[in-house]
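Report on the following structure.
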Amino acid sequence: MPAASSSLITGGLRSAAQLIFRSFPFPVEPGLRTFGNPDRNSPVFVTANFDHTVRLVSRVLANYDCYLLIAPTGGVNVWCASAGGHFGTDEVEAAIKLSGIDKLVDHHRLVLPRLAAPGVNVKEVRHRTGWRVVFGPIEIDDLPQWLEQSFPRLVADVVSFPWRRRVEMGVGAGLWPAVILGVPAGLIMGWRAGLAIAGLSYVLSVLFALVYPRMPAQPGLPQGIPLAVMLGAASGALARLADVNLWGVIFWTVTIAAMGVLVAIDFPSWSPTDVCKQQLLCFLYPATLAPAGFLPVVDEPKCIDGCDICVKVCPKGAMSLKDNHKATLFDPQGCLSCYACVQQCPVDAIS
Amino acid sequence: MKLLETSAGRYDLGMRMISLGRIGRLYRQVADRVNEGSEVLEIGCGTGAVTSLLLARRCTVTGVDRSKQMLDVARRKLAPELGTGRLELHELNITGLDRVLAGRSFDFVVCCLVLSELSKAEERFALDEAYRLLRPGGTLIVADEVAPAARLSRLWYQLQRLPLMALTYAVTQTTTHHTEDLAEKLGQRGLEHVGVESFHGGSFHIVRGSKCLQQAAA
Ligand SMILES: C[S@@+](CC[C@H](N)C(=O)[O-])C[C@H]1O[C@@H](n2cnc3c(N)ncnc32)[C@H](O)[C@@H]1O
Ligand code: SF4
Ligand code: SF4
């Protein structure tokens, strides 16, 4: 087989595996990657050592002469790692030292992904390593525009969750209900029922992902309980119509209702617009920097008039400047408790 | 052993269970290779299992570990020693060693069950740093899991590890791996008299090497 097509196949298989097992880390070796023919003035970017992230980032950086430092974040993506304490000051220091970048460029400026803002203490990085940190845009696809128009300035940018990404996450999220419900269903009712439950889990997860932004209730149980009731009732009724025995009716009602709850309470943790505040099923990485339900409070006397770092850095656009030029949280509903504003305030005025 | 580190409080008990009680003996083997009364750097000291044995040998110990939870357990266990000036503990990643311990050097550097948790780049950095922090004539001791050389015991070793690996991955979403070619890696860094001792049917190695005395002048 020619090398090109075989690498296409392995690349495809890898993508497929990573789509299905999206909630698991896929670490790549931390250290230095080089793109084009960088010289001593070329920009230096940093990212997490999650394979999928590295591939997306590499695709964009391939058009530049630059360096990419891959930080050892445990194979976890940028945001989960940084909000969870696995992509912080230590990991940026490690990225600098493991890559040997100090010897390759004359400037000392790192471009970090915006969503690393919750974890990385910029002042501490500078103090420890002499490197200055600037934050790029949230989406790597926006990097070219930012480099052209704004580099190295911090610009306001908020997370979005377009339908393509929602479908992707819906597929990734389908694994949990498929396994948690499909395996027991298979053991109790036979492999056909198990497969059906697993398949339905994926269908429900993707459908839920598609309608997610239009859901009437708040994410979590407020969405989960009505969904469970509706799905349970519908499948119970269908089972009756299909003339299965009482045990079968109970089985399908309970299982499909459980599927509804599982999907509804888990999916918000896949959504960049809700992620950090949905800790119900985030049991695998329970550690977030901010305590659950944290809302930032600004200490006004400390806040520097007209500085708007927290306003720009907030990935939900939940902070704003008041008439007295001091910052405030004006959209508590929108706040994710991600900690970025606290971490990035230059005078530690937010807590 | 990442699984146990997520609940640092149960780490010691867990290690004893997984190793079927043998871990204590291994810790002792590691500590016994450190001269009494010497000055020791322990990288990745964790809950202080080896540390306490070193202190019992009247060593002065500097322990570093990146995990606050693990260090908290160590601080509790070693509380009486913390006031004596014979023990310092630092919450520190390996990549911060050059910054925090700049200018210091040690008779022994000990690294037990840590390299198996590191990526290749981190391992390289750790070994370079360990070498640098040794005084001339000092000894580096690394103790870690290896895959047994004989094919059959290798297979058996992998099979034994499988359930533990799966469980570890499920809970912590990370893996550890066995270390490889430790003796060679010590040799490449200019360590002399490199020796390998094998335990547990070849699945655990203690590798030692000493830093050449003349190197100080060079
Ligand atoms: C398996 S425990 C071994 C602890 C102790 N040496 C023992 O034998 O019981 C590994 C320890 O290495 C630490 N560790 C892993 N990677 C590290 C790093 N990059 N920097 C510092 N410590 C690290 C972990 O926090 C953990 O406490
Ligand atoms: S206001 Fe909330 S969402 Fe915005 S940066 Fe602060 S903690 Fe994060
Ligand atoms: S980042 Fe700090 S100083 Fe700047 S506006 Fe926000 S609260 Fe004020």
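From first to last, the protein sequence lines stand for chains A and E.
At position 209 of the first sequence (counting the first as 1) the number is 209 in our numbering, and the numbers step up by one without a gap.
At position 49 of the second sequence (counting the first as 1) the number is 1049 in our numbering, and the numbers step up by one without a gap.
We put the CB at the ideal spot given by N, CA and C, even for glycine.
Cβ neighbour criterion (16 or more within 10 Å) applied to residue i
| i | result |
| --- | --- |
| A:Pro-272 | buried |
| A:Lys-123 | exposed |
| A:Pro-216 | exposed |
| A:Arg-126 | exposed |
| A:Trp-146 | buried |
| A:Trp-191 | exposed |
| A:Ser-269 | buried |
| A:Lys-103 | exposed |
| A:Leu-255 | Here the sequence assigns Thr to residue 255 of chain A, which means Leu is not the residue at that position. Buried, by the Cβ-count rule. |
| A:Ser-201 | buried |
| A:Val-203 | exposed |
| A:Phe-283 | Note that A:Phe-283 scores a pLDDT of 49, beneath 50, so its modelled location is shaky and nothing firm can be said. |
| A:Ala-257 | buried |
| A:Leu-61 | buried |
| A:Ile-9 | exposed |
| E:Thr-1084 | exposed |
| A:Asp-243 | exposed |
| E:Met-1070 | buried |
| A:Val-342 | buried |
| E:Val-1207 | buried |
| A:Trp-163 | exposed |
| A:Ala-228 | buried |
| A:Asn-49 | buried |
Minimum Cβ-Cβ distance from residue i to chain E less than 8 Å
| i | result |
| --- | --- |
| A:Gly-317 | no |
| A:Ala-178 | no |
| A:Glu-29 | yes |
| A:Tyr-339 | no |
| A:Ala-94 | yes |
| A:Asp-90 | yes |
| A:Leu-281 | With a pLDDT of only 45 at A:Leu-281, under 50, the local geometry of the prediction cannot be trusted, and no value is derived from it. |
| A:Lys-97 | yes |
| A:Ile-20 | no |
| A:Arg-14 | no |
| A:Pro-184 | no |
| A:Pro-72 | yes |
Within 8 Å, strictly: CB atoms of residue i and residue j
| i | j | result |
| --- | --- | --- |
| E:Phe-1125 | A:Lys-97 | yes |
| A:Ser-150 | A:Gly-174 | no |
| A:Cys-310 | A:Ile-350 | yes |
| A:Ser-82 | A:Gly-36 | no |
| A:Pro-144 | A:Arg-114 | no |
| A:Ala-95 | A:Leu-69 | yes |
| E:His-1205 | E:Val-1146 | yes |
| E:Asn-1093 | E:Arg-1066 | yes |
| E:Val-1061 | E:Thr-1051 | yes |
| A:Gly-100 | A:Pro-27 | no |
| A:Cys-345 | A:Pro-315 | no |
| E:Cys-1212 | E:Pro-1148 | no |
| A:Ala-193 | A:Gly-199 | no |
| A:Val-171 | A:Ile-304 | no |
Any C-beta of chain A under 8 Å from that of residue i
| i | result |
| --- | --- |
| E:Arg-1066 | yes |
| E:Ile-1206 | no |
Contacts of residue i in chain C (Cβ-Cβ under 7 Å)
| i | result |
| --- | --- |
| A:Arg-128 | Any reference to chain C falls outside this structure, whose protein chains are A and E. |
| field | Chain-ordered residues of the region 1106-1133 of chain E with a beta carbon less than 9 Å from chain A | value | Leu-1118, Ser-1119, Lys-1120, Ala-1121, Glu-1122, Arg-1124 and Phe-1125
| Going along the chain, which unbroken runs of the beta strand (DSSP E) with 3 or more residues stay wholly within the region 1083-1136 of chain E? | 1087-1091 and 1106-1112
| query | Looking at chain A, which residues of the region 1087-1107 of chain E have a Cβ within less than 9 Å of any of its Cβ atoms? | reply | Leu-1092, Asn-1093, Ile-1094, Thr-1095, Gly-1096, Asp-1098 and Arg-1099
| alpha helix (DSSP H) segments (min. 4 residues) lying fully within the region 32-81 of chain A | 51-61
| field | Runs of alpha helix (DSSP H) wholly within the region 95-135 of chain A (minimum 4 residues, chain order) | value | 122-129
| said: In chain order, what are the residue ranges of uninterrupted beta strand (DSSP E) at least 3 long that sit wholly in the region 1030-1076 of chain E? | reply: 1039-1043 and 1060-1065
| task | Mind listing, in chain order, the continuous beta strand (DSSP E) runs of no fewer than 3 residues lying wholly within the region 300-335 of chain A? | result | 319-321 and 327-329
| query | Fully enclosed by the region 207-266 of chain A, which alpha helix (DSSP H) runs are 4 residues long or longer? | reply | 221-241 and 246-266
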